[in-house]
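Colleague: Be aware that the sequence shown starts at 142, since it is given in this note's numbering, and climbs by one per residue.
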Amino acid sequence: MKKVITYGSFDLFHEGHYQLLKRAKELGDYLIVGITTENFDRMRGKLNLVDPIKVRMDNVWNTGFADEVIVEDHEGQKIEDIQRYGIDVFTLGSDWVGRFDYLKQYCEVVYLPRTAGISSSELRNRKQKIVRVGIIGTGRIAPRFLKETSFVSGIEVTTAYNPEKKSAKFFEKKYQIPVWTNRFEEFLKETDAVYVASPNETHSEYVRKAMLAGKHVLCEKPMTFTYAEAVELYELAKKQKVTLMEGIRTAYLPGFQQLLSVARNGTIGEICDVEASFTRLANPASREMTDHRYSGAFLEYGSYGMLPIFKLLGIDYQEVLIQSVYGSEGIDLFTKILFKYPNSLATAKAGVGVKSEGELIIAGTKGYILVPSPWWLTRGFDVRYEDANKIDHFDAAFSGSDGLRYEISEFVSKINGTGGHDYKLTAEESIAMADVVEKFMIKRRDLQRGME
Ligand code: C2G
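1) Once you ignore the five residues that flank T204 on each side, which residues in its own chain have a CB closer than 7 Å to its CB?
2) With 16 other CB atoms within 10 Å as the buried threshold, where does A573 fall?
3) Measure from the alpha carbon of Y171 to the alpha carbon of each residue in D199, R197, D208, G186, then state which is nearest.
4) Determine, using beta-carbon pairs with one atom in the region 280–289 and one in the region 344–351, whether at least three such pairs fall under 8 Å.
5) Nearest-angstrom Cα distance between I502 and I510?
6) Consider the Cβ of V191: report whether some Cβ of chain B lies at a distance smaller than 8 Å.
7) Find out if the Cβ-Cβ distance for the pair A257, I296 is shorter than 8 Å.
8) Roughly how many whole angstroms lie between the Cα atoms of L588 and I463?
9) For E370, which residues from the same chain have a beta carbon less than 6 Å from its beta carbon, with the 5 sequence-adjacent residues on both sides left out?
10) Tell me whether F439, by its Cβ, gets closer than 7 Å to a heavy atom of the ligand ZN.
11) Sorry if obvious, but does the Cβ on Q269 come closer than 7 Å to a heavy atom of the ligand C2G?
12) Along the alpha helix (DSSP H) that carries E156, what are the first and last residues, could you check?
13) Tell me the DSSP secondary structure of K144 in three-state form.
14) Can you determine whether any heavy atom of the ligand C2G sits closer than 7 Å to the C-beta of L190, and answer yes or no?
15) Reducing DSSP to helix, strand and coil, say where Y243 ends up.
16) Take every Cβ of the region 550–559, pair it with every Cβ of the region 179–193, and state whether three or more of those distances are shorter than 8 Å.
17) For F439, which three-state DSSP category applies?
18) Alpha carbon to alpha carbon, how far is M364 from F522? Give it in angstroms, no decimals.
19) How would you call N200, buried or exposed, if buried means at least 16 neighbouring beta carbons within 10 angstroms?
20) Taking the alpha-carbon positions, what's the F325 to I277 distance?
21) So V238 packs on Y252, CB below 8 Å; how close in whole Å?
22) For K356, which of V335, S339, I228, T343 has the nearest alpha-carbon?
23) Taking the alpha-carbon of K330 as reference, which of E313, K315, A301, S308 has the nearest alpha-carbon?
24) So T332 packs on V274, CB below 8 Å; how close in whole Å?
25) What are the start and end residues of the beta strand (DSSP E) that includes G388?
26) Tell me, please, which residues DSSP counts as bridged to F292.
27) Kindly indicate which three-state DSSP category Q464 falls into: helix, strand or coil?
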């Protein structure tokens, strides 16, 4: 008898799960399905689980494919189960390709094609639906987003769009997600929401079109280059009753939330200065270092620096001073933005092709907070005082490598109306960032014209 085993949360049971179990059963004669406990899911960094384990086990059982349903509750259990049950084949969906190759020394490992088009009819009676998301732009960040969605319950990447055929084909083949290269309206019809990760200058138009079609939008920063357009897009979101979120992922991290509350609760006294730095030595041939019109240090990384400043000091600054070090064709290699408030100052530094320490320092009248590099993936921070021997250290929850799953989780909660008030990154803060972006763009464009 050929024994097969597979695992999963099987939350909000859907077509993809059903197909996976069906194919898993076809790999042998006897199928064992391991269902993760809430605690194990939390440990492995899976967010937003909805159904209790009993419901998830029943759903798997009711398909009729499983011969045995077991519970998975700890790391290392897969090896134990394979030996204990005498397993011949271990299988999971293709979103896990490569991840479980280490089990090949115990049994055969098969990655089954995942189901891309989740049928919504199956889900019609549910209170909470699976959000079908389409990725616009299949460049560098798209695979990371795809991977991170597998750690957030209630969302599935079902399709993608990219008019650039080469990139589209590559993505489709590698990740088995159908990619549209034209007929944008048709692509939208297959989604409930979109994630805009296309080149910067195309963001706002995709955002507008998607919202007009009634889709929720998560857009990579910068969403737009002008204040007026940012206002227009947030108004459109309100009118269309859809969620619009700018993807500045730091805003959604548990560690960043914790940092804000410590900074505001008086521990360091009155906040007098915020200094945030984000620099990266990018590939000289990359868009960040060559697209002098729509990329460069500030457009890529400036939003990160503005985030803690606007969160802690507000958006009503009195003055802003923008200064850059320019490279060829007037692209900014390094930009410093200085904000002046009535009783405080702040600086955001962004660099591409220039390297500095990526730390965040919040200075107050009683002490300061130091968030070590990379502060934008806030895993912990120190509160320090005049007495150098006194340091209060805070550690925060952080799963995954890039923190994207927290942003995705927030997006799902907002769509489902369970996200509460917009306090992590408000429309006003996002609009205020667009205003600075506009000022920066005008200054840089004038300089570039002068170089011509
Ligand atoms: N799946 C699929 N198609 C989808 C969605 C999911 O084939 N559209 C597959 C997954 O690849 C996985 C199974 O369905 O094999 C269960 O998915 P999840 O409930 O999301 O579980 P997961 O987080 O993938 O857990 O120890 C747990 C395992 O590592 C997998």
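We put the beta carbon where it would ideally sit given N, CA and C, even for glycine.
Modeller: Taking the coordinates as given:
1) Y159, L162
2) buried
3) D208
4) no
5) 6 Å
6) Here there is only one protein chain, and chain B is not present.
7) no
8) 13 Å
9) S345
10) As presented, the structure is devoid of the ligand ZN, carrying the ligand C2G as its sole ligands.
11) no
12) 156–167
13) strand
14) no
15) helix
16) yes
17) helix
18) 29 Å
19) buried
20) 10 Å
21) 5 Å
22) V335
23) A301
24) 6 Å
25) 385–388
26) DSSP, once it has assigned bridges, lists no residue as partnering F292.
27) strand
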